[in-house]
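Scroll down for the structure; my scribbles are underneath it.
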Amino acid sequence: MSQPDFVVIDVETANRGRHSICQIGIVGYRDGRECFAEETLVDPRDAFEPFNIAFHGISPQKVAGAPAFRDLHGWLDERLGGRIAVSHSNFDPSALSAACRRDLLSPIDSRWIDSVSVARIAWPGLPSYKLGALAKMFDIRFRHHDALEDARTAGQIVLRALAQAGGGIEDWLHRRPTSPSPGAQIRGRTWGEGGSVTRRPACDGPLNGHVVTVTGDLSVPRSVMADQVQAAGGAFSASVTRKTTLLVIGAHEGWGLGRDYVSAKQTKAEAAIAGGQPLRIIDEPTLRRMMTG
């Protein structure tokens, strides 16, 4: 295997817990070209949820006989350890971290670049930076929610950004999108209390009148959840505010701290409820039932 300038990784999960990795795709790039591509199914040693199966098509039957994450740790460390690693959002590195914690494995030490941030810098003002939307803009055809194809597509987007901006991949390690000033509105978002981002409703729907905040690990990246909440008529807030009506609790990245682990958002929400705010604390399946009416 030739030494890549950077590698791109994508994972799929069996349920809302980010540790429940069931597929991994890795693509390496050197001198602007793909130099290797590898994919494997993974036995998550956990239950599959119907929503996730519908999302990526991977079922318990498909992973029967596949290696567990702990069996793949050395393979991952060989390809990612000490390298520049790219993922489309922070979902994938956080999933790797959660899986390492669960199996009591050493974390994989990579220098991470978020290709969502790369795209925001390279092409400011786009209506969406989701992988599918960017692929459509560049006429990249791929099978979405297949880990290898998602990784390859994110890599193609990074290569286009490098070609436009010049320089090398290391130049993107510390670059960040410029945030709007407080009160500014961009692409249906407003910067609200405490600098949090609130996505306003896209239309009327079953969540009309609700402002949704999430804490912990969801079955999908938060950007995807925000889009789904908007599509169901709700607003999405990055933090608990006086306007929040629903706090959705997912599986916590504090796994290993015990079942009594409570996030700062949940603590704030419970205090708001005690103070009379009309706010409910629910789990992701309850939210999804509400979203379907």
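Residues in the sequence shown are numbered consecutively from 0, following numbering that gives the first Met the number 0.
For glycine and all other residues, C-beta sits at the position ideal for the given N, C-alpha and C.
Let me know if residue i comes out buried or exposed under the rule of 16 or more other beta-carbons within 10 Å of its beta-carbon.
i, result
"Phe137", "exposed"
"Ala134", "buried"
"Asp91", "buried"
"Leu343", "No answer is possible for residue 343: it lies beyond the span of the chain, which begins at 0 and ends at 292."
"Gly208", "exposed"
"Pro277", "exposed"
Taking residue i as part of the alpha helix (DSSP H), name the residues at either end of that continuous run.
i, result
"Asp113", "Here Asp113 belongs to no alpha helix (DSSP H); instead the beta strand (DSSP E) covers 110-113."
"Phe47", "No alpha helix (DSSP H) holds Phe47; DSSP gives it neither H nor E."
"Glu283", "283-290"
"Leu297", "As shown, the chain starts at 0 and ends at 292. That puts residue 297 outside it, with no answer to give."
"Ala268", "263-273"
For the beta strand (DSSP E) holding residue i, just list the boundary residues, first then last.
i, result
"Arg78", "From DSSP, Arg78 is part of no beta strand (DSSP E) but of the alpha helix (DSSP H) over 68-79."
"Arg221", "Counting along the chain, Arg221 falls outside any beta strand (DSSP E), though it belongs to the alpha helix (DSSP H) covering 221-230."
"Asp9", "5-12"
"Ile248", "245-248"
"Thr214", "210-214"
"Ala65", "Looking at the DSSP string, Ala65 is not in any beta strand (DSSP E), and its letter there is neither H nor E."
"Gln22", "20-29"
Rounded to the nearest angstrom, what separates residue i and residue j at their Cα positions?
i, j, result
"Arg288", "Phe47", "18 Å"
"Ile248", "Asp30", "43 Å"
"Asn14", "Asn51", "6 Å"
"Leu246", "Pro205", "16 Å"
"Pro220", "Arg140", "22 Å"
"Ala271", "Arg241", "8 Å"
"Ala273", "His18", "33 Å"
"Gly255", "Ser114", "The predicted model places Gly255 with a pLDDT of 36, which falls under 50 and marks its position as unreliable; any figure quoted below should be read in that light. Roughly 30 Å between the two C-alpha positions."
"Gln265", "Val239", "9 Å"
"Ala132", "Leu147", "18 Å"
"Arg258", "Ile168", "Any answer about Arg258 is weak, because its pLDDT of 37 lies below 50 and its placement is not dependable; what the coordinates show is given next. Distance between the alpha carbons of Arg258 and Ile168: 41 Å."
"Ile280", "Ile20", "27 Å"
"Ala160", "Asn89", "19 Å"
Distance cutoff 8 Å, beta carbons only. Does residue i sit that close to anything in chain E?
i, result
"Ile83", "Protein chains in the displayed structure number just one, and chain E is not present."
Exercise for the section: Could you pull out every unbroken alpha helix (DSSP H) segment of at least 4 residues lying fully inside the region 127-166, listed in chain order? Expected result: If we require 4 residues or more, the alpha helix (DSSP H) runs fully inside the region 127-166 come out as 130-136, 146-164.
Problem - Contact the region 133-153 vs the region 16-24: 3+ CB pairs below 8 Å - result: Touching, per the Cβ criterion.
Problem - the region 79-88 / the region 5-24 touching (three or more Cβ pairs under 8 Å) - result: They touch, by the three-pair rule.
Problem - the region 53-66 in contact with the region 28-44 per 3-pair CB rule at 8 Å - result: Judged by Cβ distances under 8 Å, the region 53-66 makes contact with the region 28-44, as three or more pairs qualify.
Practice task
Indicate whether the contact test is met: 3 or more Cβ pairs, each with one atom in the region 51-60 and one in the region 95-109, closer than 8 Å.
Solution key: As far as the Cβ criterion goes, the region 51-60 does not touch the region 95-109, which means the pair count is below three.
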